[in-house]
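The sequence shown begins at 1 in the UniProt record's numbering and counts up by one. We put the CB at the ideal spot given by N, CA and C, even for glycine. Here's the structure, in structure tokens; my notes come after.
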Amino acid sequence: MSSFELFDPARLFIGEVPGTFYLEVIGRSIFIFVILILAMRLMGKRMSSQMSRNEMAAVSSLAAAIGVPLMDPTRGVLPSLVVAAVIVAWQLIIAKWSMKSPRFEKISQDEFNILVKDGVMVCDQMKNARISRERLCAQLRSQEIYHLGEVSRLYLEAGGMFSLVKNEKPEPGLSVLPNWDEPFAEQTIVPEKGWRCCWRCGKVVKEETAMCPVCNGDKWTPAVLVKTTQS
1 MSSFELFDPA
11 RLFIGEVPGT
21 FYLEVIGRSI
31 FIFVILILAM
41 RLMGKRMSSQ
51 MSRNEMAAVS
61 SLAAAIGVPL
71 MDPTRGVLPS
81 LVVAAVIVAW
91 QLIIAKWSMK
101 SPRFEKISQD
111 EFNILVKDGV
121 MVCDQMKNAR
131 ISRERLCAQL
141 RSQEIYHLGE
151 VSRLYLEAGG
161 MFSLVKNEKP
171 EPGLSVLPNW
181 DEPFAEQTIV
191 PEKGWRCCWR
201 CGKVVKEETA
211 MCPVCNGDKW
221 TPAVLVKTTQ
231 S
């Protein structure tokens, strides 16, 4: 058995690997980085609502690289430094290309989705963004919105954050309050006589039809407005 020398400078910095291993480290870093980006893109934007996908992938790659020399005495810290340098350089390259090419920026950062348009949920965009109806309603409630008629646009940005544009003149719309909280709903919203809305997308109509003209839904509910002191 070979002797183990405490704080051996050569083993501590270089480790017990051949010099050609560092060339492989560069390839490994780029490969892992790309895999992380693809994985987070498949999991949806909300996985990276505070950081961009590139930033999250960079942090994850750095964490993985740092963990190896910490736990394995046969691995030096130099590979971690190489990984860090590659990731930083890769981030700078991505940022530079994104500034020059909108198409590349769209590929690397994704694009925004319109989840609500003129008081109606855009179901196809919600499906693409993997945002459920319940999740969308919860987001609107967190921004003090009680029905879809108050919303002009709700965007899901490329970074995963929601952006709300309120309707200057609220129209009757689909309630976003939970069904089980009827006492609060009675205090805040009131049905608008003569108007119905699709339960699935929120399309408001005068005369209820067999199927919604927007989403083909067949469940209807009264359209509502926010209750005023005069109501």
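F162 (DSSP reduced to helix, strand or coil): In this structure, F162 counts as strand in the three-state DSSP scheme.
L136 - containing alpha helix (DSSP H), residue span: Going by DSSP, L136 is part of the alpha helix (DSSP H) stretching over R133 to S142.
Nearest candidate by alpha-carbon position, reference E157, set I189, L174, P183 and L115: The residue among I189, L174, P183 and L115 with its C-alpha nearest the C-alpha of E157 is L115.
Cβ-Cβ distance between E171 and G217 below 8 Å: Contact: no.
Same chain only: Cβ atoms within 6 Å of C123, ignoring 5 sequence neighbours per side: Excluding residues up to 5 positions away in sequence, C201 and C215 lie with their Cβ nearer than 6 Å to the Cβ of C123 in the same chain.
Within 8 Å, strictly: CB atoms of L140 and L174: Not a contact, by the Cβ cut-off of 8 Å.
Supposed close pair A57, F33 - CB separation, criterion 8 Å: About 5 Å; that satisfies the 8 Å criterion.
Distance, A63 Cα to F21 Cα: The straight-line gap from Cα to Cα measures roughly 19 Å.
Simplified DSSP state of K169, which is helix, strand or coil: If DSSP states are grouped into helix, strand and coil, K169 belongs with coil.
Buried versus exposed, by CB contacts within 10 Å (16 or more), M126: When all chains shown are included, M126 counts as buried.
Bridge partners - C198, DSSP secondary structure assignment: Per the DSSP secondary-structure output, C198 pairs in a beta bridge with W220.
Beta-ladder partner(s) of P191, from DSSP: Paired residue(s): V224.
Assumed close pair N113, Y155 - CB separation to whole angstroms, cut-off 8 Å: Right, their Cβ atoms sit about 7 Å apart.
Beta-carbon contacts of A65 that lie in its chain and below 6 Å, excluding the five residues immediately before and after: Same-chain partners within the cutoff: S80 and V83.
Contact check, N167 vs E150, beta carbons under 8 Å: Against a cut-off of 8 Å, the Cβ pair of E150 and N167 comes out as a contact.
C212 to C198 span [Cα, whole Å]: Taking the straight line from one Cα to the other gives about 6 Å.
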